[in-house]
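As given, the protein sequences belong to chains Z, H, Y and W, one line each in that order. Sequential numbering from 14 applies to the first sequence in this note's numbering. Sequential numbering from 14 applies to the second sequence in this note's numbering. Sequential numbering from 14 applies to the third sequence in this note's numbering. Sequential numbering from 14 applies to the fourth sequence in this note's numbering. Glycine is no exception: its CB is placed at the ideal position from the N, C-alpha and C atoms. Some notes on the structure that comes next.
Number of protein chains: 4
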Amino acid sequence: MATPLPPDDLGLGRVVSDESRQRMLRPDGSFNVRRTGLGFFRSHRLYHDLVGMSWPGFAAALGAVYAAMCALFALGYWALGPAALDAPTGDAGGTGFLRALYFSVQTFSTIGFGRIAPVSHGAQALVALEAFLGILYAALATGFTFARASRPDADIVFSRHLLVAPYQGGRGLMVRVANARRGELTDVSAEVTFSVLHLDAALDRPVRHYAALELERTRVTLFPLTWTIVHPLGPESPLHGLTDDDLRAGDAEVFVRLTAVDETTMQPVTARTSYRADDGDVLWNARFRDLFDRSGDVLTVDVSRLDETEPAELPDGL
Amino acid sequence: MATPLPPDDLGLGRVVSDESRQRMLRPDGSFNVRRTGLGFFRSHRLYHDLVGMSWPGFAAALGAVYAAMCALFALGYWALGPAALDAPTGDAGGTGFLRALYFSVQTFSTIGFGRIAPVSHGAQALVALEAFLGILYAALATGFTFARASRPDADIVFSRHLLVAPYQGGRGLMVRVANARRGELTDVSAEVTFSVLHLDAALDRPVRHYAALELERTRVTLFPLTWTIVHPLGPESPLHGLTDDDLRAGDAEVFVRLTAVDETTMQPVTARTSYRADDGDVLWNARFRDLFDRSGDVLTVDVSRLDETEPAELPDGL
Amino acid sequence: MATPLPPDDLGLGRVVSDESRQRMLRPDGSFNVRRTGLGFFRSHRLYHDLVGMSWPGFAAALGAVYAAMCALFALGYWALGPAALDAPTGDAGGTGFLRALYFSVQTFSTIGFGRIAPVSHGAQALVALEAFLGILYAALATGFTFARASRPDADIVFSRHLLVAPYQGGRGLMVRVANARRGELTDVSAEVTFSVLHLDAALDRPVRHYAALELERTRVTLFPLTWTIVHPLGPESPLHGLTDDDLRAGDAEVFVRLTAVDETTMQPVTARTSYRADDGDVLWNARFRDLFDRSGDVLTVDVSRLDETEPAELPDGL
Amino acid sequence: MATPLPPDDLGLGRVVSDESRQRMLRPDGSFNVRRTGLGFFRSHRLYHDLVGMSWPGFAAALGAVYAAMCALFALGYWALGPAALDAPTGDAGGTGFLRALYFSVQTFSTIGFGRIAPVSHGAQALVALEAFLGILYAALATGFTFARASRPDADIVFSRHLLVAPYQGGRGLMVRVANARRGELTDVSAEVTFSVLHLDAALDRPVRHYAALELERTRVTLFPLTWTIVHPLGPESPLHGLTDDDLRAGDAEVFVRLTAVDETTMQPVTARTSYRADDGDVLWNARFRDLFDRSGDVLTVDVSRLDETEPAELPDGL
């Protein structure tokens, strides 16, 4: 009774498969969908943001919390009046807010010069609380620094374009990938999935089809250079005979997914992207330029030239 | 000679299989059993509590330890008498317990204003110990903060109900699951196991049977939206022809187990739950409501509506 | 040409296989061999000790380093003479070594009361160094605290004895295992290997043989209770017909290895042990006692009774 | 249409395969190639350096940053003039740069004696910034300390030479490996690949061929001692009949790759090396010396003697 779902649909499901003309995957690999109703804490946005953001952004976020905490407690000390703190007269800050702020900084960071010192019960109580939060702050800063530092830091880069290029006397669909980090990746595997809308005569509406594409090779053990992933466009390919216009009309999307092992941490890493003819991601009659330099005594590859192509005539009649 | 155990019993074993009418798995996925005789330290309760509790609870626990340590050492300084510490007369706290407490806070947190300072051998010795414990405290706070932050933070949510719903002209057993975190999950696999008590004629007592249920699909590669896990209730299903009363009489329990990979940390994650007709977990004649919003330019799914259902007539005569 | 090594020898190799009468694995799972020539740093003894030792031992090690560092720098400040530091006269410690020690503590822990303060160039230079080492110390203490806290903390316990017990009308070799931690283990797999010395007629010397033993079941998905691992002693078993004397004469050793996944950290864990008849590890005519308590509303298992057995008559003629 | 790439080429690809006479893998396992064009931050050189360098080097790097930061801020305080800070006259440092440096140290490390204290607005602002950077510094130092401490610390050592040794009446290619760490490794697997340049008659140029070599055994479960990996040089071996001169002429390279599980962290580890006849890595007519000491009650293996060999006559006519 049960008819299995069409294979190779990656789990995107019927809802998306049958109706959507939109791009499923953005070029950076993120999904072009949104989940709502998660609740503020449950969605852990903060955590993902802190771990996923850039290092300068992370430092800025830490600095902002530091400044905010110091200022907040400074307001507290200041509100307790000039007698809450004691400092030599003549020092900058006098008995006003700035003195409270300087003191707050020295407390939150646990420096505690003591030149400005708490002398009232209220100030002492605030100090106890601020010192505790200062310890928590340092713990969080350290914890997140490490959570960031210990993430697999693989950065697999994909060529900007998907090529339809000459291959073995026929044509091949080609993507070039490289490891943009200094650490090595091993055991790299690739999966490529093709998705296209077809008009379903029985249902009288377009239905999205998915197909896993056969690859020249699906896995490399060592990955010191680059890898050109090739799907031969032979008669058995679901793209056989399709033109650029066909791809655009069918809202075709080609998903590429890589998995590998980061040797520095021995953790698995993954990367994905997709290509749409509609968005100018597919190049016909081109091939990837050689990016090796063999002049020195060590073979050199220039990753910044990953997407360089040159014109190449495709054989006819395919 | 050796008759293998019945397959699919998940390892719960004969003891449980043959006699227990109780729920094996609570809805939150924890086991409805208790292990004793572990010994206090061996069972690592503290560790699991500190890692597993909520963030506010964790902060409260840290705060309680901070306060307790400061108070404990304050008692020590206070017991050494008013001459152990020195501070300007006129400061709040005088020479009593509160002064000792303020000093203790400033020592444990390693602030050390110095306005209140240790001047006796006893106080100096206590300072050395308290400073060491303060460093340990910060180390533990930081370590546990990170241990919490680096845990796979997947939160797979299951629909509250298991549905018996129309499926492909017949019936299907359906559970809907979603990812309640912002980070993505990939390579999600499902296992569903059915367990029921049957009267064994030969033994003249009920015996619990287990069966792995066939699924429409057992794995999705990408999981940006939701997944409705379906077991078709065809003739080959062990639930074929059973009614709600049958499920209740047999103390039937349906176990659902998911495994996936958390893309943020690339760590495996798992989740499980179970459904019992007895506890009102099974809904007949219903189907899951669509929770997609296609009005914007980005497909949106509202996870908070995961359990929304609508009436649906089941075909007769299964 | 190449004759493969005997299978199932676990990699212990010919050297060990053919000559050794000694126990290969200690009951705690460690190897009864020694590797030398590693070099001090290369062998990373310190790291493994710090991560593997008990929590009280770890705290004691940290305390010893703390005390040693403080004392070492105290010697430095003291050697610089009484004018290197300044403090109010009348404070405990005077101008001698104890004052230097108190100051050193307050510097290493970064408290810095300032009551005792550095006033010479030499003292300031020492302060800069000690403060740096104090930061490194805190970093190491924190790093190792977390390295310890984040280790998979599974503690799989094995029954003290290997039983030859009645099983399904015949006999079975049985080990009982349990999870001694509060966190759950899943996907538990067992491998059992038997090793015995046989006199090799051709070589005229004993040769050690290895054989993987067939198990009633090799894997349980859920492990909330205990698991009795059973090898049926049928005609096809390499132990079939052997007596306790045979096992002792052949220096027989039974290796048990478990692998599982710790659900708290989702990391793999492993445990192993071995049993030797020679060392009184094998019990005949016994079976494991039931350690379940079904009286409450929650099934309870007492792990501390894991090794409790009761006499049981073995069937004859096997 | 698509002709699959020759198997076993490890992913080094055509570019390298067909033209390169250079060594692909250095003896330490790193690739003899260079990737450029990565961009400074993207290549994460700093991260890999900090995690991968030696412990003394790491401590030196931390010390250099500490000294640089302290000196940098000292310049700032000094530039603010003698009135920015206040300290008792007569202390070493006077009102010059050294006083600013001492103060900077006490601020960056969050000691804060207070004997030298900030008294101008500018100095207070610098203090706030330096304290923040001091916290970040401690966080980074701690995070990297742990990132280093938590790396799988396996150190698999390979024998310096690849031997062509007597084996089972014929010849075998042999490498000996050992675990140079105190922690145990389990589930060790080996892959050995042979690569050689052949003159391709059709293309009239040399083409590099790859072949996976059959091993006597490919996996050991336990690894307490050493393992001699053996490729029998029988008629079916791609090296059958080759001489040392053949290996040199063909720029032959033998790649050895090991994967294992580090029991301390339960993380996977890997190691690789290669041997080239050209570089004197291949020894003929030799066998590995026994490095076991059976005199004590515990079997002992001396890892430092891993590469010790003794002459051994190879059988003729192979």
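- Counting only runs that start and end inside the stretch 82 to 156 of chain W, the alpha helix (DSSP H) elements of at least 4 residues fall at 110 to 121.
- Cα atoms of phenylalanine 86 (chain Z) and alanine 97 (chain Z): separation of roughly 13 Å, rounded to the nearest angstrom.
- The Cβ of threonine 322 (chain W) sits no closer than 8 Å to any Cβ of chain Z.
- Going by beta carbons, threonine 277 (chain H) and glycine 196 (chain H) fall inside the 8 Å limit.
- Using a CB distance cut-off of 8 Å, glycine 147 (chain W) does not count as an interface residue toward chain H.
- Counting the other Cβ atoms within 10 Å of the Cβ of histidine 174 (chain Z) gives 16 or more, which makes it buried.
- Per DSSP, alanine 262 (chain H) is not a residue of any beta strand (DSSP E); the alpha helix (DSSP H) it occupies stretches across 257 to 262.
- Contact annotation: in the stretch 110 to 136 of chain Y, residues whose CB is within less than 7 Å of a CB in chain W are Thr120, Thr123, Gly125, Gly127, Ala130, Val132, Ser133, His134.
- Closer than 8 Å to the CB of alanine 73 (chain W) there is not a single CB belonging to chain Z.
- The alpha-carbon separation between tryptophan 240 (chain W) and threonine 199 (chain W) amounts to approximately 12 Å.
- For the stretch 271 to 284 of chain W, the residues whose beta carbon sits under 8 Å from a beta carbon of chain Z are, in order, Gln280, Pro281, Val282, Thr283.
- With distances taken between CA atoms, threonine 108 (chain H) lies nearest to H:Pro131 out of H:Pro131, H:Thr123, H:Phe121.
- Inter-residue distance for aspartate 292 (chain Y) and leucine 210 (chain Y) is about 16 Å (C-alpha atoms, whole angstroms).
- For proline 179 (chain W), the enclosing beta strand (DSSP E) starts and ends at 175 to 180.
- Excluding sequence positions up to five before and after threonine 123 (chain Y), its CB lies within less than 7 Å of the CB of Ala144, Gly147, all in the same chain and listed in chain order.
- When Cβ-Cβ separations below 8 Å define contact, threonine 49 (chain W) makes no contact with chain H.
- Relative to tyrosine 79 (chain W), the option among W:Leu153, W:Glu249, W:Gly127 whose CA is nearest is W:Leu153.
- Judged by DSSP in its simplified three-state form, phenylalanine 236 (chain Y) adopts coil rather than helix or strand.
- When Cβ pairs closer than 8 Å are counted between the two stretches, the stretch 172 to 186 of chain W is seen not to touch the stretch 176 to 187 of chain H, the count staying below three.
- At least one CB atom of chain W sits nearer than 8 Å to the CB of asparagine 45 (chain Y).
- Contacts with chain H at 8 Å (Cβ-Cβ) do not include valine 295 (chain Z).
- The Cβ of alanine 92 (chain Z) sits no closer than 8 Å to any Cβ of chain H.
- In this structure, the CA atom of asparagine 192 (chain H) is about 11 Å from the CA atom of threonine 49 (chain Z).
- When DSSP reads this structure, glutamine 35 (chain H) sits in no beta bridge, so it has no partner.
- Per DSSP, serine 67 (chain W) lies in no beta strand (DSSP E) segment and is marked neither H nor E.
- Not a single CB atom of chain Y sits nearer than 8 Å to the CB of threonine 158 (chain Z).
- Each residue's CA atom was taken as its position, placing arginine 289 (chain Z) and arginine 36 (chain Z) some 8 Å apart.
- When the beta-carbon positions are compared, valine 282 (chain Z) and alanine 273 (chain Z) come within less than 8 Å of each other.
- Chain order gives the chain Z residues near glutamine 35 (chain W) as Asp310, Val311, Leu312, where near means a beta carbon separation below 8 Å.
- Assignment of beta-bridge partners to aspartate 291 (chain H) by DSSP yields no partner.
- If you look at alanine 225 (chain H), you'll find it in the beta strand (DSSP E) that goes 218 to 225.
- DSSP, reduced to helix, strand and coil, places serine 317 (chain Z) within a helical segment of the structure shown.
- Among the bridge pairs identified by DSSP, arginine 270 (chain H) is matched with H:Glu204, H:Arg285.
- Annotation: Cβ neighbours of threonine 155 (chain Z) in chain Y (cutoff 8 Å, chain order): Thr155.
- Excluding its 5 nearest sequence neighbours in each direction, valine 140 (chain H) has C-beta neighbours in its own chain below 6 Å: Thr120, Pro131, listed in chain order.
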